[in-house]
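Data block below; observations after.
See below:
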């Protein structure tokens, strides 16, 4: 099978997330990095290219505009570009590549304002391009297992969703270290209109939506601004999901002692399912009035949709890199199917719709908080 | 040391909670059951008395009024009465005993309306009587340890409190068994104005208040009414605690797969503390940017206030009965100190103030939900 | 139902275990403490009697011989005596009461040498008396559930048993505190021929035997003597169980950081069951190639034999006291059935056979270690 | 920095372990796969090369002899070869590459008989070549943290080591599926002289040795042969470690319900450390008589030797692939330092000495079992 070729914008200078994307995209031998504009520093740009086996140095570009132009002019043009720059630059870069006819994978959140996201969606649809978004958590194999179990009715009708994402890096940084890297997040001039909500609240929104098939339609949010910062560092949100199902969300960057403690519990009238990021290979499944089950990803009893995301024999921990790889696997499989004229089938990865819904969610939460913790509808569910 | 004598109203007919109170009150040899009106069924009344070693059958009474009258007339009158009847009868019974000069221990919630609670408080204060309330969770030894650690500044200033109490008995009963015992809880004519909030929401309120020293001053509540029942079976509450500290609470009786899953997390700017009812002897203590500690109750490194609640050598599980015993231990020690004219010192058990605050809390939550999920102040914090 | 009457030898002077026995025996209202010889100190003897509601002071005795004589002469003689004195006195006391025709409950190990145990067994059988032994761990409700699941074939044929009991009190005492109470355990003149093996190794043996129905027939033991003490404080034992099933045991009193960490895993060819003392209400049940189950004691899906040992609604932690209560519940039910001429049915509690097997086990382990870690048969399985 | 070039023998045909090695070796951009003999099937050989970006097809070889010869003749010869074929072929292949002057990384166990391993060691030393062995478990970041804590005296003097590795694939395969792939492991003609011991017992031996610095000097082993197979599928081993420290090991491939449940507990006189493969980022550290700590890898408080093995910010799960990457990282860093004439410093990865000790261990265990579970010295610790 002929591999896809891809390029990357951003990711140089030792940012860990660039390497996560690179490893994720190449994990299952469906794509190969052949071009990039990794950083504005020319020397580091070349160093990154060398480290990442980009052999043809003519495909290492000084800026993204040049990259989009020159790549789109080549016969062996990249099949997609991956954008891993800071959020405020996503829109312009994604727009540029889409306009040059190149498929896009973008980190989340995909942009700052929903109008930008709507523009990107319109261009992608017009051009028939695929726009993937790297929401990681919904791409763990165990979440896929959960989604299939829910679809198959194993917890009955959903009656409640409780999601949380406590982490503590901000309070560690500010209290323990007074680091500037953290302090700018307390400065609205530098950080934009929300911090915690757009950064990790959107992760929870995407996880809820992709795991349950239900989306937030209305929110009532309370933001906490640590040490009087104008930005939010802890959000507590009541949710009205599709069909009026209630939900609750808590995300915090000042929850001392928490690593990336994502946890989601979905309650139905015939059972419940729980997943925690600290043991990412496991689901806790409680059928009504029966012993609780621990369902482990990469066991033979898994749903096929889960098994296809498992790369190791039972009992070998897979982690964050592999979840990233799962996004890229589905995205690449989709592009390959299109390229080869195959029946495209179903390829499950977060798209522009997921990315856009995250922006709608953030905007609604912000408005709810600013208007005194009142219910606000999402612009579009 | 001369033991206290106590009586009990309710608890017959095999209700488990009666035996919990009896065992709790007698656990540490500070009191002995000598009188009671356990049930209106005369035969079962005597059977219960016999089973519980009430030897003097003249102190087995047909109704609580007779019991209050006759006991208060005896020279060897009971030192206190324990009330374990259904909630709607608490007020009349407690009032009667208080008016006859007898100290009271009452199960929670102490009454249906705050005016009733205020009346009880006024009588108790006027008569100089002690009114104890059996909020169990705050009386686990580990919670005492947590309270002392918080008081000693080990988590710094509190910045967030997250509490939850999922259980599933209601959905097990209705869905799995269609039991009538459960169904009446869906009928407002029989169950009163709130179900989940007054039953277990108040447990969380008491736990937060006694563990942290912070009380809810304002609430924003959303009640979920399962299967269209007029009563609440799931509550999600945003809290404004003393000094404006934010908090969040979730309690549910339809959380499939949950036992009495009480969990509380208190976040400070120097650390956090977590406790779960499913491992009641343990605290998880996370000092900022250091390894997380598991602090086990009944280890020598405990605070003395915790150690005095531990009855077994390290490593022997204590449970729900012992938590009940802890309430009674402090209550009895208080009565004994008063009786013996000793310096009363500090006796830590839930009092009428805690009981009353629980009623205020329920009333504010109900109003918040009915008025469209708006912030409501508690009548009195 | 008429309660049993019982007496106690030992348990005074604040020893925690006396109170555990008293609470256990009285927990379910089947028996009442009416006599005792709690300590040789006359004042404390009376104090203990008062605290424990022994109202008739003529039944508080100066020594056990007097107690056995006088009680056996009364028409309302105690139905059984509970022996909670140090091990080296068990034999003489038990023998005395048996010879006076009084049933016995004895703490473990029941005696120092198997000949003593055989004598006790012979007398009890000759007199038709019941001899109960308070092995606690096998009496947790969850272990009862496990036993029934194993009997019902839910793990298939047993192929392996792994048991452990790490605790750290000895190393805490000696290293951290240099306490004399601990140091004497390092002195063979004062402590007898084994320490860890007879103290907690026997607990594991009893747990294995009662849970699985398989008994150790041969052992290969290695004893570790901490700091050169002639006594064992850590034992590692290979087992040959009934029918040649392999097993492995580790018990240690120098396992830093361990509370009473009893854990047993029973592997069959169709599933496995695991239980840990640190979460005593739960079993982990793994059917072959299916999701692992957490089976919680006091859920409706339990086996009836488990449910009859649960005193609280689902989700309320029961602990060590209740496990003790379970031994006494079955023992008392047995005596009551005999007294009332009922069909005695099956009453599951550890008997003289269990107690004796524990002594055989200790003797075989000691011999194995002394002869260079060779296989030794138990005197009688 | 100029990358190393490496080749691979084996790993084609979809064997998962080949991809694990490839990803591990390339993870940190220190090496690039440029040559290989992945399988004897010419078509699949080329397919694998293409999938893994081996661009120069002249470096895809039909057999390992040709590969060793031709590569060693090139100016741009591979810097090392990775051997991922079945165990019985390791010796011949490794010997061939060493004799051609090429460094070797070999999967474990490195060979079948200790004489073979001694030969490999002699050649490697004579030629000044590096021989790495991919023992995974000792290469998790958390184990590195543990090793440093032990070296720094944080648990005092080691007094006991308890290690286990239960898994259930064999019983799943034979009982649930009667798969031939599993059945041949029960056939000594096809599987060699030991199964469980050489396959996973050696993993435990390596983990103990590298984590604690203590090695097994004597063993007493009992092998269990499932369903009468001449091969071992469960081993229970008493250990005498360096300096006479006692230890105990259990490894099983018929432990129903277990994934790769590696667990090691090291007890010292001032504390203990525990690690479990099911939560590979965490250590449980219990200082004597203090609260137990959970030490998480990739937190700032880690030892530098641990932090250099962490690739993600705190809270992002790393797993099996990354542990593999850690072996290769140290191995490649060593080769690069040699190549560049730098001070070689200390590079911590398993070497021929570790590999050889694993073979000695297996041989001693087998002899112990065959001679009736007696103590056997390792040929050379």
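Residue numbers (the working numbering), protein chains in the order written: chain A, 1113 to 1493; chain B, 1113 to 1493; chain C, 1113 to 1493; chain D, 1113 to 1493. In this text, a Cβ means the ideal position worked out from N, Cα and C, and glycines have one as well.
1) Cβ closer than 7 Å: which chain A residues qualify as neighbours of residue 1401 (chain C)?
2) For residue 1276 (chain C), which of helix, strand or coil comes out of DSSP?
3) Excluding the 5 residues flanking residue 1257 (chain A) on each side, which residues of the same chain have their C-beta closer than 8 Å to its C-beta?
4) For residue 1397 (chain B), which residues in the same chain have their Cβ closer than 6 Å to its Cβ, ignoring the five residues on either side in sequence?
5) Which runs of the alpha helix (DSSP H) at least 4 residues long sit entirely within the stretch 1142 to 1168 of chain B? Give them in chain order.
6) Establish whether the CB of residue 1397 (chain C) and some CB of chain A are separated by less than 8 Å.
7) Check whether the Cβ of residue 1164 (chain D) lies closer than 8 Å to any Cβ atom in chain A.
8) Could you tell me whether the Cβ atoms of residue 1220 (chain B) and residue 1176 (chain B) are closer together than 8 Å?
9) For the candidate residues A:1116, A:1140, A:1479, A:1209, whose alpha-carbon lies nearest to that of residue 1149 (chain A)?
10) Is it right to say residue 1484 (chain D) is buried, meaning 16 or more other beta carbons lie within 10 angstroms of its own, or is it exposed?
11) Within this structure, are the beta carbons of residue 1366 (chain A) and residue 1338 (chain A) separated by less than 8 Å?
12) Give a yes or no on whether the C-beta atoms belonging to residue 1249 (chain A) and residue 1315 (chain A) are separated by under 8 Å.
13) Run through the DSSP bridge pairs and tell me what residue 1348 (chain A) is partnered with.
14) Check the Cβ of residue 1272 (chain D) against every Cβ in chain C and list those closer than 8 Å, keeping chain order.
15) In three-state DSSP terms, what is residue 1485 (chain B)?
16) Beta-carbon within less than 6 Å of residue 1493 (chain C)'s beta-carbon, same chain only, minus the 5 sequence neighbours each way: which residues are those?
17) Quick one, are the C-beta atoms of residue 1346 (chain A) and residue 1401 (chain B) less than 8 Å apart?
18) Let's see if you can read the secondary structure: which residues bound the alpha helix (DSSP H) around residue 1205 (chain B)?
19) State the beta-bridge partners of residue 1383 (chain B) as determined by DSSP.
20) Does the beta carbon of residue 1422 (chain B) sit closer than 8 Å to a beta carbon anywhere in chain C?
21) When the Cα of residue 1172 (chain D) is compared with those of D:1154, D:1188, D:1185, which residue comes out closest?
22) Hey, does residue 1371 (chain A) have any beta-carbon neighbour from chain D nearer than 8 Å?
23) Could you check whether residue 1251 (chain D) and residue 1439 (chain D) sit closer than 8 Å to each other, using their CB atoms as the reference points?
24) Under 8 Å between C-beta atoms, does residue 1378 (chain C) make it to chain A?
25) Residue 1445 (chain C) to residue 1215 (chain C), Cα distance in whole Å?
26) By the 10 Å Cβ neighbour count, where 16 or more other Cβ atoms means buried, how is residue 1161 (chain B) classified, buried or exposed?
27) May I have the straight-line CA-CA distance separating residue 1238 (chain A) from residue 1211 (chain A), to the nearest angstrom?
28) In terms of DSSP beta bridges, what is residue 1116 (chain C) paired with?
29) Rounded to the nearest angstrom, what separates residue 1470 (chain A) and residue 1351 (chain B) at their Cα positions?
30) Roughly how many whole angstroms lie between the Cα atoms of residue 1138 (chain C) and residue 1206 (chain C)?
31) Please state whether DSSP places residue 1405 (chain A) in a helix, a strand or coil.
32) Mind checking the stretch 1433 to 1449 of chain B against chain C and listing, in chain order, the residues whose C-beta falls within less than 8 Å of any C-beta there?
33) Give me the Cβ distance between residue 1383 (chain D) and residue 1358 (chain D), rounded to the nearest whole Å; I'm assuming they're in contact under 8 Å.
34) Could you check what DSSP says for residue 1326 (chain A) in three-state terms: helix, strand or coil?
35) Output needed for residue 1278 (chain C): all residues of its chain with C-beta closer than 8 Å, excluding positions within five of it in sequence on either side, in chain order.
According to the data block:
1) One-based indexing of the third chain puts residue 1401 (chain C) at position 289. What residue 1401 (chain C) touches in chain A: 1412, 1413.
2) Position 164 of the third chain holds residue 1276 (chain C). In the structure shown, residue 1276 (chain C) sits in a strand (DSSP, three-state: E or B).
3) One-based indexing of the first chain puts residue 1257 (chain A) at position 145. The residues are 1395, 1407, 1409, 1414, 1415, 1417, 1418.
4) Indexing the second chain from 1 puts residue 1397 (chain B) at position 285. Excluding sequence neighbours, residue 1397 (chain B) sits near 1385, 1405, 1407.
5) 1154 to 1163
6) What you label residue 1397 (chain C) is simply residue 285 of the third chain in a count that begins at 1. Answer yes: the Cβ-Cβ gap between residue 1397 (chain C) and chain A drops below 8 Å somewhere.
7) Position 52 of the fourth chain, counted from the first residue, corresponds to residue 1164 (chain D). Output row for residue 1164 (chain D): interface = yes.
8) Taking the second chain and counting its residues from 1, the one referred to as residue 1220 (chain B) is at position 108. Taking the second chain and counting its residues from 1, the one referred to as residue 1176 (chain B) is at position 64. For residue 1220 (chain B) and residue 1176 (chain B), no; Cβs fall outside 8 Å.
9) Against the first chain, residue 1149 (chain A) aligns to sequence position 37. If we check each option's Cα against that of residue 1149 (chain A), A:1209 comes out closest.
10) Here residue 1484 (chain D) refers to the residue found at position 372 when the fourth chain is read from its first residue. Its Cβ having fewer than 16 others within 10 Å, residue 1484 (chain D) is exposed.
11) As a working note, residue 1366 (chain A) is residue 254 in the first chain. As a working note, residue 1338 (chain A) is residue 226 in the first chain. Taking 8 Å as the Cβ cut-off, residue 1366 (chain A) and residue 1338 (chain A) qualify as a contacting pair.
12) Taking the first residue of the first chain as position 1, residue 1249 (chain A) is located at position 137. Taking the first residue of the first chain as position 1, residue 1315 (chain A) is located at position 203. A contact, by the Cβ cut-off of 8 Å.
13) Residue 1348 (chain A) sits at position 236 when you count from the first residue of the first chain. A:1334, A:1362.
14) For the purposes of this step, residue 1272 (chain D) is taken as residue 160 along the fourth chain, with counting starting at 1. Within 8 Å Cβ-Cβ: 1336, 1346, 1364, 1366, 1367.
15) Mapped onto the second chain, residue 1485 (chain B) falls at position 373. In the structure shown, residue 1485 (chain B) sits in coil (DSSP, three-state: anything other than H, G, I, E or B).
16) Position 381 of the third chain, counted from the start, is the residue given in the question as residue 1493 (chain C). For residue 1493 (chain C), the pLDDT reaches just 44, beneath the cut-off of 50, and the residue's location in the model is therefore unreliable, although a value from the coordinates is still provided. These residues qualify, in order along the chain: 1327, 1329.
17) Here residue 1346 (chain A) corresponds to residue number 234 of the first chain, with the count starting at 1. Here residue 1401 (chain B) corresponds to residue number 289 of the second chain, with the count starting at 1. Result no, Cβ atoms of residue 1346 (chain A) and residue 1401 (chain B) do not sit closer than 8 Å.
18) Within the second chain, the letter at position 93 stands for residue 1205 (chain B). It spans 1199 to 1211 - the alpha helix (DSSP H) in which residue 1205 (chain B) sits, taken as one unbroken run.
19) Here residue 1383 (chain B) corresponds to residue number 271 of the second chain, with the count starting at 1. Paired residues: B:1399.
20) As a position in the second chain, residue 1422 (chain B) is number 310, starting the count at 1. It does not; no Cβ of chain C falls within 8 Å.
21) Within the fourth chain, numbered from 1, the residue matching residue 1172 (chain D) stands at position 60. It is D:1154.
22) Position 259 of the first chain holds residue 1371 (chain A). For residue 1371 (chain A), the answer is yes, since a Cβ of chain D falls inside 8 Å of its Cβ.
23) For the purposes of this step, residue 1439 (chain D) is taken as the residue at position 327 of the fourth chain. For the purposes of this step, residue 1251 (chain D) is taken as the residue at position 139 of the fourth chain. Going by C-beta atoms, residue 1439 (chain D) is nearer than 8 Å to residue 1251 (chain D).
24) Counting from one through the third chain, the residue named residue 1378 (chain C) turns up at place 266. No, because no Cβ of chain A sits closer than 8 Å to the Cβ of residue 1378 (chain C).
25) Working through the third chain from its first residue, we reach residue 1445 (chain C) at position 333. Working through the third chain from its first residue, we reach residue 1215 (chain C) at position 103. So the alpha carbons of these two residues sit roughly 13 Å apart.
26) Position 49 of the second chain, counted from the first residue, corresponds to residue 1161 (chain B). By the neighbour-count rule (16 or more Cβ atoms within 10 Å), residue 1161 (chain B) is buried.
27) Translated into positions along the first chain, residue 1238 (chain A) becomes position 126. Translated into positions along the first chain, residue 1211 (chain A) becomes position 99. Each residue's alpha carbon lies about 10 Å from the other.
28) In the third chain, the residue the question calls residue 1116 (chain C) occupies position 4. Paired residues: C:1143.
29) Taking the first chain and counting its residues from 1, the one referred to as residue 1470 (chain A) is at position 358. Taking the second chain and counting its residues from 1, the one referred to as residue 1351 (chain B) is at position 239. Distance between the alpha carbons of residue 1470 (chain A) and residue 1351 (chain B): 26 Å.
30) Here residue 1138 (chain C) refers to the residue found at position 26 when the third chain is read from its first residue. Here residue 1206 (chain C) refers to the residue found at position 94 when the third chain is read from its first residue. Approximately 21 Å, taken between the alpha carbons.
31) Counting from one through the first chain, the residue named residue 1405 (chain A) turns up at place 293. Residue 1405 (chain A): strand per DSSP, three-state reduction.
32) 1433, 1434
33) As a working mapping, residue 1383 (chain D) is identified with position 271 in the fourth chain. As a working mapping, residue 1358 (chain D) is identified with position 246 in the fourth chain. So it is not a contact: roughly 18 Å between Cβ atoms.
34) Taking the first chain and counting its residues from 1, one reaches residue 1326 (chain A) at position 214. Coil.
35) As a first step, residue 1278 (chain C) is located in the third chain; it is residue number 166 there, counting from the start. Within the same chain, residue 1278 (chain C) has close Cβ partners 1362, 1363, 1364, 1367, 1370, 1373.
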